[in-house]
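A.B. asks: At position 159 of the sequence shown the residue is numbered 158 (numbering that gives the first Met the number 0), and the sequence of numbers has no breaks.
We put the CB at the ideal spot given by N, CA and C, even for glycine.
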Amino acid sequence: MNFNVAVIPGDGIGPEIVAEARKVLDKVGQKFGHNFNYTEVLLGGVSIDACGVPLSDEALETAKKSDAVLLGAVGGVVGVDKWYELPPHLRPEAGLLAIRKGLGLFANLRPAYLYNELKAACPLKESIAEAGFDMVVVRELTGGLYFGERKTEEVDGVLTATDTLTYNENEIRRIAIKAFEIAMKRNKNVISVDKANVLDSSRLWKKVVNEVAADYPEVTLTHMLVDNCAMQLVKDPAQFDVILTENMFGDILSDEASMITGSIGMLSSASLSEGKLGLYEPSHGAAPDIAGKDIANPIATILSAAMMLRYSFDLDKEADAVEAAVKKVLEDGIRTGDIMSEGCTQVGCSGMGDAICERI
Numbered sequence: 000m001n002f003n004v005a006v007i008p009g010d011g012i013g014p015e016i017v018a019e020a021r022k023v024l025d026k027v028g029q030k031f032g033h034n035f036n037y038t039e040v041l042l043g044g045v046s047i048d049a050c051g052v053p054l055s056d057e058a059l060e061t062a063k064k065s066d067a068v069l070l071g072a073v074g075g076v077v078g079v080d081k082w083y084e085l086p087p088h089l090r091p092e093a094g095l096l097a098i099r100k101g102l103g104l105f106a107n108l109r110p111a112y113l114y115n116e117l118k119a120a121c122p123l124k125e126s127i128a129e130a131g132f133d134m135v136v137v138r139e140l141t142g143g144l145y146f147g148e149r150k151t152e153e154v155d156g157v158l159t160a161t162d163t164l165t166y167n168e169n170e171i172r173r174i175a176i177k178a179f180e181i182a183m184k185r186n187k188n189v190i191s192v193d194k195a196n197v198l199d200s201s202r203l204w205k206k207v208v209n210e211v212a213a214d215y216p217e218v219t220l221t222h223m224l225v226d227n228c229a230m231q232l233v234k235d236p237a238q239f240d241v242i243l244t245e246n247m248f249g250d251i252l253s254d255e256a257s258m259i260t261g262s263i264g265m266l267s268s269a270s271l272s273e274g275k276l277g278l279y280e281p282s283h284g285a286a287p288d289i290a291g292k293d294i295a296n297p298i299a300t301i302l303s304a305a306m307m308l309r310y311s312f313d314l315d316k317e318a319d320a321v322e323a324a325v326k327k328v329l330e331d332g333i334r335t336g337d338i339m340s341e342g343c344t345q346v347g348c349s350g351m352g353d354a355i356c357e358r359i
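1. Does the separation of the CB atoms of Ile47 and Ala286 fall below 8 angstroms?
2. Taking Cβ positions, are Asp10 and Gly74 nearer each other than 8 angstroms?
3. Give, in chain order, every unbroken run of the alpha helix (DSSP H) that is at least 4 residues long and sits entirely within the stretch 222-289.
4. Can you tell me the Cβ-Cβ gap for Val207 and Glu168, rounded? I've got them flagged as a contact below 8 angstroms.
5. Using a Cβ-Cβ cutoff of less than 6 angstroms, which residues in the same chain neighbour Ala178 once the five nearest sequence positions on both sides are dropped?
6. Can you tell me whether DSSP reads Leu69 as helix, strand or coil?
7. Report the rounded CA-to-CA distance for Cys228 versus Lys205, giving the unit in angstroms.
8. Can you round the beta-carbon distance between Thr141 and Lys100 to whole angstroms, since I take them to be within the 8 angstroms contact cut?
9. Let me know the secondary structure DSSP gives Lys327 once reduced to three states.
10. Helix, strand or coil, according to DSSP, for Met339 in the structure here?
11. In this structure, what does DSSP give as the bridge partners for Met134?
12. Could you check where the beta strand (DSSP E) with Asp199 kicks off and where it finishes?
13. Please list, in chain order, all residues of the same chain as Gly78 whose beta carbon is under 8 angstroms from its beta carbon, the five residues on each side excluded.
14. Report buried or exposed for Val157, applying the criterion of at least 16 other Cβ atoms within 10 angstroms of its Cβ.
15. Taking C-alpha atoms, which residue in Glu129, Glu19 and Leu41 lies nearest to Lys234?
16. Using a 10 Å radius around the Cβ and a threshold of 16 neighbouring Cβ atoms, would you call Ala160 buried or exposed?
17. Looking only at DSSP bridge pairs, what is Thr161 linked to?
18. In the DSSP output, what is Arg334 paired with across the bridge?
19. How about Val17 and Val40: are their beta carbons less than 8 angstroms apart?
20. Any idea which residues DSSP pairs Phe2 with across the strands?
21. For Pro86 versus Gly44, is the C-beta distance shorter than 8 angstroms?
22. Look up Gly143 in the DSSP assignment and say whether it is helix, strand or coil.
23. Is Asp250 near the ligand SAM, going by C-beta to nearest heavy atom under 7 angstroms?
24. I'd like the list of long-range same chain contacts for Val52, defined as Cβ closer than 7 angstroms, with 5 residues on each side in sequence excluded.
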């Protein structure tokens with residue numbers, strides 16, 4: 000089968016980790032008889048340098064015409080990179096928000112899985128790490144505070160900033176349905192996170208999620224306040240299966256969930272539309288301080304490519320092969336620097352990609 004992939008290397012370590020993901024995809028293609036056609040697209044700081052904007056109309060059109068989008072990383076360092084002297088709507092991260100909106104990517108999936116081989120790297124106490132955890136955060140991606148009206152103005156002589164948090168019932172319903180569908184393929188447990196004791200938007204969220212839950216009687220639904228959820232993630236992460244939440248809460252909680260795995264360099268991410276088109280990216284940032292040194296961990300990007308195989312291309316067997324190869328690499332004691340431990344063999348970014356390819 001032939002698949003067209005829009006590839007966005009992006010900034011910092013993006014080009015290095017995307018190169019390894021492409022290497023793995025090509026190995027999958029050779030083994031299973033598929034052909035992946037890549038078209039490179041500019042996004043973020045490199046797009047600002049080349050085009051004057053973080054995402055051009057041409058780049059967005061290329062992404063729309065593809066079967067899926069594979070992204071490396073976007074952004075630089077505030078106060079160091081000249082991009083951050085620009086107005087907020089012209090900075091690198093604005094391109095990421097624009098492509099999510101432009102592609103209709105309303106559902107962000109962030110798995111957080113603690114590999115047995117990496118339990119020693121988990122920052123939680125040993126008794127918690129030993130229990131392990133396997134969860135996915137389902138985050139609404141195109142509504143809420145990040146996309147509401149905003150302004151900064153002088154009111155009675157005082158500078159005042161306003162950000163608007165808005166959700167309608169349709170936006171909530173479609174992300175809730177996605178979460179319950181995912182739960183049906185996992186352990187049939189959804190914890191919906193809100194701040195319904197304070198926010199009207201959360202009270203609507205809770206109402207609509209309850210309505211959706213009625214269509215999934217096999218799934219257990221629990222409501223949890225966001226502050227309690229943040230606490231429970233470090234106290235008892237094993238209790239979570241599917242976490243459903245709105246945009247800003249999901250942004251924060253998914254980073255917390257990823258960090259308790261031991262390294263954010265291990266965590267994949269998928270952003271899905273209502274069809275098959277999706278954008279796949281690692282959970283970590285551009286890490287410009289280690290760019291070009293061949294020391295970045297490409298596993299998160301490679302696992303994101305596996306999610307692309309599964310969700311956009313319906314290639315479950317191929318996705319399983321990539322995930323199994325990653326697990327075998329860890330079992331064989333091969334590590335990048337961020338997950339290195341005594342007795343293991345340290346490799347660079349390219350070496351990790353090679354090792355995973357050898358095990359597919």
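C.D. replies: Let me spell this out:
1. Taking 8 angstroms as the Cβ cut-off, Ile47 and Ala286 do not qualify as a contacting pair.
2. Yes, the pair counts as a contact, with Cβ atoms nearer than the cut-off.
3. For the stretch 222-289, whole alpha helix (DSSP H) runs of length 4 or above, ordered along the chain, are 225-234 and 246-258.
4. In this structure Val207 is in contact with Glu168, their Cβ atoms being roughly 5 angstroms apart against a cut-off of 8 angstroms.
5. Excluding residues within five positions, the ones whose Cβ falls inside 6 angstroms are Val137, Val189, Val241 and Leu243.
6. In this structure, DSSP gives Leu69 an extended state, which the three-state scheme calls strand.
7. One Cα belongs to Cys228, the other to Lys205, and the distance between them is close to 15 angstroms.
8. In this structure Thr141 is in contact with Lys100, their Cβ atoms being roughly 6 angstroms apart against a cut-off of 8 angstroms.
9. In the structure shown, Lys327 adopts helical secondary structure according to DSSP, grouped into three states.
10. The answer is coil: DSSP assigns Met339 none of H, G, I, E or B.
11. Ala111, per the DSSP bridge assignment.
12. It is not in any beta strand (DSSP E) - Asp199 instead sits in the alpha helix (DSSP H) that spans Asp199 to Ala212.
13. For Gly78, same chain residues with a beta-carbon under 8 angstroms away, outside a window of 5 residues either side, do not exist.
14. Classification for Val157: exposed.
15. Nearest of Glu129, Glu19 and Leu41 to Lys234, Cα basis: Glu129.
16. The residue is exposed, with fewer than 16 neighbouring Cβ atoms inside 10 Å.
17. According to DSSP, residue pairing for Thr161 in a beta bridge involves Lys150.
18. Beta-bridge pairing links Arg334 to Gln345.
19. For Val17 and Val40, no; Cβs fall outside 8 angstroms.
20. Note: Phe2 sits in a beta bridge opposite Phe35.
21. With contacts defined as CB atoms closer than 8 angstroms, Pro86 and Gly44 fail to qualify as a contacting pair.
22. Collapsing the DSSP output to three states places Gly143 in a helix.
23. Only the bare structure without any ligand can be found here, which leaves the ligand SAM out of the picture.
24. These residues qualify, in order along the chain: Ser46 and Leu89.
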